[in-house]
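K.L.:
Quick one: this structure, given as structure tokens, is what I'll be asking you about.
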Amino acid sequence: MDGPALAWYQWTFTNTPFCTWDDFIQSLENRFGDSPYTSHMGALAKLTQTSIVSAYVTAYEALINRTIDLLAPFLLHNFVSGLQPHIHREVQALHPTTIIEAQRLAKLQEEKLADLPSPSIIPSPPSPHKPLLLPAPPSYTSAPFHNQALTSARNPQGM
788 MDGPALAWYQ WTFTNTPFCT WDDFIQSLEN RFGDSPYTSH MGALAKLTQT
838 SIVSAYVTAY EALINRTIDL LAPFLLHNFV SGLQPHIHRE VQALHPTTII
888 EAQRLAKLQE EKLADLPSPS IIPSPPSPHK PLLLPAPPSY TSAPFHNQAL
938 TSARNPQGM
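Quick note, in the working numbering, the sequence shown goes up one by one and the last residue is 946.
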């Protein structure tokens, strides 16, 4: 025992000795346990990989150690779902059957991706900005409409 736990133990043991083991456990949980409002299952469902796989595995294991009665298929699905998309797809495609296998595959995929050369993005040279020009509309003359057939039909009638 060290750090805050040791200091708490020494002070508590000196000032209020424990009568039973259950008293000690209760006092220890009151001091260092989680708030009754903490939902480890909720935190587990929201956990996603934000850095390297080993950090995600550590955080995931810390949460599953604080939950009880969760089925292995749920834990496996939840772990794989929280991986970064480029790792998630590869691990899911390999159909791991245990969480340990999924962790191993995730680490392997991360190493595989680290070995690939990173794509270099070469920006295209800027093109000069020219406004788009539309063709000019056709010009219409204001000459009157002249229909030869209609005109010859009217002339004999005096129109």
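Where a beta carbon is used, it is the ideal one built from N, C-alpha and C, also for glycine.
For clarity, every value in this text was computed on a predicted model and none was experimentally measured.
Between Leu815, Thr885, Thr845, which has its C-alpha nearest Phe861's C-alpha?
P.N.:
Out of Leu815, Thr885, Thr845, Thr885 has the C-alpha closest to the C-alpha of Phe861.
K.L.:
With DSSP run on the structure shown, which of helix, strand or coil describes His882?
P.N.:
Coil, per DSSP.
K.L.:
Whole angstroms are fine: how far does the CA of Thr845 sit from the CA of Thr837?
P.N.:
12 Å
K.L.:
Does DSSP put Leu857 in a helix, a strand or coil?
P.N.:
coil
K.L.:
Using only CA atoms, which one of Thr803, Arg818, Pro804 lies nearest to Ala792?
P.N.:
Arg818
K.L.:
Please classify Glu897: is it buried, with 16 or more other beta-carbons within 10 angstroms of its beta-carbon, or exposed?
P.N.:
Within a 10 Å sphere around the beta-carbon of Glu897 sit 16 or more other beta-carbons, which makes this residue buried.
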